[in-house]
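Engineer:
In this note's numbering, the protein residues as written are 44 to 167.
1) Quick check on DSSP: helix, strand or coil for residue 132?
2) Indicate the three-state DSSP secondary structure (helix, strand or coil) for residue 168 in the structure shown.
3) Once DSSP output is grouped into helix, strand and coil, what is the label at residue 69?
4) Taking C-beta to C-beta, are residue 102 and residue 108 nearer than 8 Å?
5) Take the Cβ of residue 73 as the centre, count every other Cβ of all protein chains shown within 10 Å, and call the residue buried at 16 or more, exposed below.
6) How many angstroms separate the CA atom of residue 64 from the CA atom of residue 131?
7) Given this structure, state the Cα-to-Cα distance separating residue 135 from residue 116, to the nearest angstrom.
8) Under 7 Å Cβ to Cβ from residue 143, same chain only, skipping five residues before and after it: list those, please.
9) Report, in whole angstroms, the separation of the C-beta atoms of residue 55 and residue 82, which I expect to be a contact under 8 Å.
10) Start and end of the alpha helix (DSSP H) containing residue 108?
11) Work out the CA separation of residue 89 and residue 70 for me, nearest whole Å.
12) For residue 99 and residue 78, I'd like the C-alpha separation in whole angstroms.
Structure representation (structure tokens):
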């Protein structure tokens, strides 16, 4: 691969903790949807999309997810519902003709767990 090719490649981050035992029952579609919503947080921060509590929210319509992932609406809705069941996503309806706000969860707790693992490895 040439340097120009490397510079032009963009990547999505897939949180490794989604592969932990706690999330084994979460299907791959839901994990991929989580990855895309997780990535969209950067745009939310740039646009200062946060609520009165300071919580960052994401705008990502079902149609956008359907187009991006080549999923039908049923699969997008099921993936989001699965994420909600695992406590990783909260969807808040706005008004008529306004996209829902998506609040993504899970990162703080799991980053802390990752640090604990690293610290325990260092002390062994």
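Glycine included, each C-beta is placed from N, C-alpha and C at the ideal position. Given the structure is predicted, the values throughout are model-derived calculations rather than measurements.
Structural biologist: Taking the definition as stated:
1) strand
2) With the chain represented from 44 up to 167, any question about residue 168 goes unanswered, as that position is not in the structure.
3) coil
4) no
5) buried
6) One C-alpha to the other measures close to 15 Å.
7) 18 Å
8) Contacts found: 134, 135, 136 and 137.
9) 5 Å
10) 105-112
11) 30 Å
12) 16 Å
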